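Peer 1: Numbering (my numbering), first residue to last: -10 to 343. For each residue, glycine too, the CB sits at the ideal point set by N, CA and C. These figures come from a predicted structure and were not determined experimentally.
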């Protein structure tokens, strides 16, 4: 009697143990599966972050050159030369996106790769947007060439005085008749004040070893000699401040609008005054860089590309746009470790007196 009862009891115990085991297995399997999946996700997350960081580091280490107003003329030739010689990304910029893209396609047909970013130097928002883009993508810029500028055709007596007599008639016959007061305000707005805005927002993001080139003109140097002795002294002074220079440029515009610029010691050339101001500004900024970032090795210069055949300068000029690009590109590609030229006015790859 005892044995059957004992056997039944063992059988019941066996089935209960099996049931407990079966109920517990799914939970164990789920926990193991969840743990493995979590571990897999955690191990994958650092790999994704690492790939992102690698991509970001690659962009930050890539050198980048930016040329303003470069969909045509000298600017386009500068971009073309940089595409051939510069070890990094080259950005063509323009106010008009369509024209900029057309220029990019033109270079592509030559087997050259340039990149495009919209940039209107007369639009402060456009400048700050572009600066933020290059800061975020590349950590700044390595080369900045301020090429954008305007001129009223044949509107400046000083420009006329620099031309050979045989060409004066052909240039003057197409001279713009816009009032000098308007020429002064419009020309300085772009060539001086807007270019200054570019420098204000881009100089802080120029990387160590960077190169900054401001496209000025020999007309600015000749215009300087036509200013009053007091003005000449201040333009050439090594202690002139940016604020003082801005005040002088605004004074010229204000007196031109009143028809009193000659009494104020200014010559009859809006374009010349804009380039006198730009060259002087270049020298001021170079001194500031030497003082505030002495170990960064940044070189900043103004230059004259020469008299170049462009829409602005006319078809009679002796230099082609590609020839006009030679000096700006030379300054943009000054080798690492170079210390000169810096804060100079350069023409035909040679420092000129100021």
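Just to confirm my understanding: we take residue 246, look at its own chain, exclude 5 residues before and 5 after, and list those with CB closer than 8 Å. What are they?
Peer 2: Taking the chain shown and counting its residues from 1, the one referred to as residue 246 is at position 257. Excluding positions up to five away in sequence, the list reads 170, 173, 174.
Peer 1: Which of the three DSSP states, helix, strand or coil, is assigned to residue 141?
Peer 2: Numbered from its first residue, the chain shown carries residue 141 at position 152. Residue 141 falls in the coil class under three-state DSSP.
Peer 1: Can you confirm whether the region 322 to 341 touches the region 290 to 297 when touching is taken to mean that 3 or more C-beta pairs between the two stretches lie within less than 8 Å?
Peer 2: Contact holds: three or more Cβ-Cβ distances are below 8 Å.
Peer 1: Taking the straight line between their C-alpha atoms, what separation do you get for residue 129 and residue 274?
Peer 2: In the chain shown, counting from the first residue as 1, residue 129 sits at position 140. In the chain shown, counting from the first residue as 1, residue 274 sits at position 285. Cα-Cα distance, rounded: 18 Å.
Peer 1: Take residue 282 as the anchor and find which of 184, 136, 192 has the nearest alpha-carbon.
Peer 2: Along the chain shown, one-based indexing puts residue 282 at 293. Residue 282 has its Cα closest to that of 192, out of 184, 136, 192.
Peer 1: Determine the direct distance from the alpha carbon of residue 266 to that of residue 240, and round the result to whole angstroms.
Peer 2: In the chain shown, the residue the question calls residue 240 occupies position 251. In the chain shown, the residue the question calls residue 266 occupies position 277. Taking the straight line from one Cα to the other gives about 12 Å.
Peer 1: Express the C-alpha separation of residue 212 and residue 262 in angstroms, rounding to a whole number.
Peer 2: Locating residue 262 in the chain shown gives position 273, counting from the first residue. Locating residue 212 in the chain shown gives position 223, counting from the first residue. Spanning the two alpha carbons is a distance of roughly 6 Å.
Peer 1: What separation, rounded to the nearest whole angstrom, lies between the Cα atoms of residue 82 and residue 111?
Peer 2: As a first step, residue 82 is located in the chain shown; it is residue number 93 there, counting from the start. As a first step, residue 111 is located in the chain shown; it is residue number 122 there, counting from the start. Those two C-alpha atoms are separated by around 13 Å.
Peer 1: Pick from 223, 142, 49, 217: whose alpha carbon is nearest that of residue 123?
Peer 2: Indexing the chain shown from 1 puts residue 123 at position 134. Among 223, 142, 49, 217, the Cα nearest to that of residue 123 is on 49.
Peer 1: By Cβ distance below 6 Å, which residues in the same chain neighbour residue 103 in space, the five residues on each side in sequence not counted?
Peer 2: The residue given as residue 103 occupies position 114 in the chain shown. 68, 72, 79, 81, 93, 96.
Peer 1: Would you list, in sequence order, the uninterrupted alpha helix (DSSP H) runs of no fewer than 4 residues that lie entirely inside the region 73 to 129?
Peer 2: Qualifying alpha helix (DSSP H) stretches, in chain order: 86 to 98, 113 to 127.
Peer 1: Skipping 5 residues on each side, what residues in its chain have a beta carbon closer than 6 Å to that of residue 331?
Peer 2: On the chain shown, residue 331 is found 342 positions in, with the first residue counted as 1. Here the set comprises 275, 288.
Peer 1: Under DSSP, the beta strand (DSSP E) around residue 247 begins and ends at which residues?
Peer 2: Against the chain shown, residue 247 aligns to sequence position 258. Neither: residue 247 is in no beta strand (DSSP E) and is coded neither H nor E.
Peer 1: Measuring only the C-alpha atoms, how far is residue 149 from residue 324?
Peer 2: One-based indexing of the chain shown puts residue 149 at position 160. One-based indexing of the chain shown puts residue 324 at position 335. Because residue 149 sits at a pLDDT of 43, beneath the cut-off of 50, its placement in the model cannot be relied upon, and the point is left open.
Peer 1: Taking C-alpha atoms, which residue in 182, 216, 253 lies nearest to residue 231?
Peer 2: What you label residue 231 is simply residue 242 of the chain shown in a count that begins at 1. Checked all of 182, 216, 253; the closest Cα to residue 231 is 182.
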